[in-house]
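Down below is the structure, laid out as structure tokens.
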Amino acid sequence: MDPDERNRMCLSGPSTFGLSRRSALAGALGIIGGTTLAACSSADEQSFPGSSTAAPVPGDVDKGRPHVILLGTAGGPAWYPRQNATGIATAVVIGDAVYVVDTGDRAPEQFFKANPTGEAPDEQFSTLRGIFITHLHSDHTIDYFKMINYGWWTGLQHITQPVKVIGPGRRASLTTAYPGSQPPPPANPANPMPGITDMTNSLLAAYATDINDRVRDNRFTDLRSLIDVDDITIPGFDPAIETLEIMPAMDPFPVYEDDRVRVTATLVNHFPVFPAFAYRFDTDDGSVVISGDTGKSANLARMAADTDLLLHEVIDTSWIDEQYADNEALRHHLMTAHMPSTELGRFADELGARQLALHHLVPAEPPVERWLKSRENFSGTFHIGTDLAAINLRG
Numbered sequence: 001m002d003p004d005e006r007n008r009m010c011l012s013g014p015s016t017f018g019l020s021r022r023s024a025l026a027g028a029l030g031i032i033g034g035t036t037l038a039a040c041s042s043a044d045e046q047s048f049p050g051s052s053t054a055a056p057v058p059g060d061v062d063k064g065r066p067h068v069i070l071l072g073t074a075g076g077p078a079w080y081p082r083q084n085a086t087g088i089a090t091a092v093v094i095g096d097a098v099y100v101v102d103t104g105d106r107a108p109e110q111f112f113k114a115n116p117t118g119e120a121p122d123e124q125f126s127t128l129r130g131i132f133i134t135h136l137h138s139d140h141t142i143d144y145f146k147m148i149n150y151g152w153w154t155g156l157q158h159i160t161q162p163v164k165v166i167g168p169g170r171r172a173s174l175t176t177a178y179p180g181s182q183p184p185p186p187a188n189p190a191n192p193m194p195g196i197t198d199m200t201n202s203l204l205a206a207y208a209t210d211i212n213d214r215v216r217d218n219r220f221t222d223l224r225s226l227i228d229v230d231d232i233t234i235p236g237f238d239p240a241i242e243t244l245e246i247m248p249a250m251d252p253f254p255v256y257e258d259d260r261v262r263v264t265a266t267l268v269n270h271f272p273v274f275p276a277f278a279y280r281f282d283t284d285d286g287s288v289v290i291s292g293d294t295g296k297s298a299n300l301a302r303m304a305a306d307t308d309l310l311l312h313e314v315i316d317t318s319w320i321d322e323q324y325a326d327n328e329a330l331r332h333h334l335m336t337a338h339m340p341s342t343e344l345g346r347f348a349d350e351l352g353a354r355q356l357a358l359h360h361l362v363p364a365e366p367p368v369e370r371w372l373k374s375r376e377n378f379s380g381t382f383h384i385g386t387d388l389a390a391i392n393l394r395g
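For the sequence shown, UniProt numbering gives the first residue as 1, with consecutive numbering after it.
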């Protein structure tokens, strides 16, 4: 089989990962046929799935029903030399409404390429209703302002209500330095741990020349009026939890609701980053939980119980051992603040997820077989995420 043919099969070939599982509560949720993504042989390392030039939506996805589009599946602020998966970003598509979770490298280009609701090229961002940021690491936010600024030119001016932007608020204390290290003076000492509102205001100020010019010369609607930004208020927040590696038990709490979806959030374990959130989207036709970056999290398990689709980050710890043996601080973070592939399948199975999809792959490069470890203890439908692939919430 030639490499091009192998790539096509990686994106849309039939899955060999098992049948969808029905839980005790599935009768009320009505699981219907959906899509899976096939794993690829490592015989040819260039056949790794994730090419952003491949067909974006496999044929067995019902685009008329709620689904996710994996805009980008690569984890970390890194470019992988052996393939071209883009930075982490996900579109939740419900009819003609689109909600984006995280805005990693090239997220706006991937949104434009996917055209989630089939709009004319100059109107594609007119269906964007919300942007949800899990945490403020650069690989999850690097193209946040680009999503808004370039969307300004491609339909955002024609929205009927401002795009809701929701994400972490300002942290009360500076991140604790790694034991034994001597940290330099903090960046931006007046506000060293800003939140999403702070970030947005800083970006609007940095691009004031562009914004003022477009409004005054091109007669654009003021960009500031097209977004409505909220820091997430954590119920019962106690600043003491900012330095904890494992988040205290909490119930998921609502952060957004409209006529299409109800979104809840919970704190997850991405120490030393705080706050870091996972989100759950509940629709009339299925649910999806997006983990954000996290190690094994009891809060996430509680929020994701019996979900139709769990979209979870994953890391290959053997690769981390090889790459970062001489950088103990980074190695410790990667090993403790992310989910090992060997543990994810059992975690997803125990919480009752009917589908498990891997994204935020670290590393996002061959061989794909490394991710099959996550399938071993999972009895539902299994997906290895690839750029621009789509999955119905209900399989």
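Positions of the beta carbon are idealized from the N, C-alpha and C atoms, including for glycine.
Quiz item: Going by the CB atoms, is the gap between R280 and T264 shorter than 8 Å?
Solution: Closer than 8 Å, so yes.
Quiz item: In terms of residue numbering, what span does the beta strand (DSSP E) encompassing E313 cover?
Solution: From DSSP, the beta strand (DSSP E) with E313 extends over L309 to I315.
Exercise. Figure out for me which residue from E313, L334 and L311 has the closest Cα to the Cα of E322.
Key: With distances taken between Cα atoms, E322 lies closest to L334.
Practice problem: Within the same chain, show all residues whose beta-carbon is closer than 6 Å to that of G33, passing over the 5 residues directly before and after it, in chain order. | Solution: Because the pLDDT of G33 is 27, which lies under 50, any placement of that residue in the model is unreliable, and the number read from its coordinates should be weighed accordingly. Answer for G33: no residue qualifies.
Self-check item: Close beta carbons around A249, own chain, < 7 Å, minus the five adjacent residues each side
Solution: Only A298 and N299 meet the Cβ criterion.
Quiz item: With burial defined as no fewer than 16 other Cβ atoms inside 10 Å of the residue's Cβ, what is the status of L118: buried or exposed?
Solution: Contrary to the premise, residue 118 reads as Gly rather than Leu in this sequence. With fewer than 16 Cβ atoms within 10 Å of its Cβ, G118 is classed as exposed.
Quiz item: Between R170 and P194, which are expected to be in contact by the criterion C-beta below 8 Å, what is the C-beta distance as a whole number of angstroms?
Solution: Right, their Cβ atoms sit about 6 Å apart.
Quiz item: Short check: CB of P162 to CB of L226, under 8 Å?
Solution: By the CB criterion at 8 Å, P162 and L226 fall inside the cutoff.
Exercise. For N84, name the three-state secondary structure that DSSP assigns.
Key: Coil at N84, not helix or strand.
Practice problem: Check E257 in the structure and name its three-state DSSP category. | Solution: Collapsing the DSSP output to three states places E257 in a strand.
Quiz prompt | Distance CB(H383)-CB(I88) smaller than 8 Å | solution = No; because the gap between Cβ atoms is not below 8 Å, this pair is not in contact.
Exercise. Just tell me which of F277, G95 and K373 has its CA closest to the CA of H140.
Key: With distances taken between Cα atoms, H140 lies closest to F277.
Quiz item: P340 by DSSP, collapsed to three states: which one?
Solution: Residue state, collapsed to three classes: strand.
Quiz item: Should G167 and I133 be called a contact, given that it needs their Cβ atoms to be closer than 8 Å?
Solution: In this structure, I133 lies closer than 8 Å to G167 by Cβ.
Quiz item: What three-state label does DSSP hand R216 in the structure shown?
Solution: The answer is helix: DSSP assigns R216 an H, G or I state.
Quiz item: Shortest alpha-carbon distance to N327 belongs to which of K373, R375, S181 and F378?
Solution: The candidate whose alpha carbon is nearest that of N327 is S181.
Quiz item: Applying the criterion that 16 or more other CB atoms from any shown protein chain within 10 Å of the CB defines a buried residue, is L393 buried or exposed?
Solution: Burial of L393 is indicated by the presence of at least 16 other C-beta atoms within 10 angstroms of its C-beta.
Exercise. Could you check what DSSP says for Q355 in three-state terms: helix, strand or coil?
Key: Looking at Q355 - three-state DSSP - the assignment turns out to be strand.
Practice problem: Name the one or two DSSP bridge partners that V368 has. | Solution: Its beta-bridge partners do not exist; DSSP assigns none.
Quiz item: K296 by DSSP, collapsed to three states: which one?
Solution: In the three-state reduction of the DSSP assignment, K296 falls in the coil class, being assigned neither a helical nor a strand state.
Quiz item: Taking N377 as the reference, which of A78, L344 and S291 has the closest Cα?
Solution: Of the candidates A78, L344 and S291, L344 places its Cα closest to the Cα of N377.
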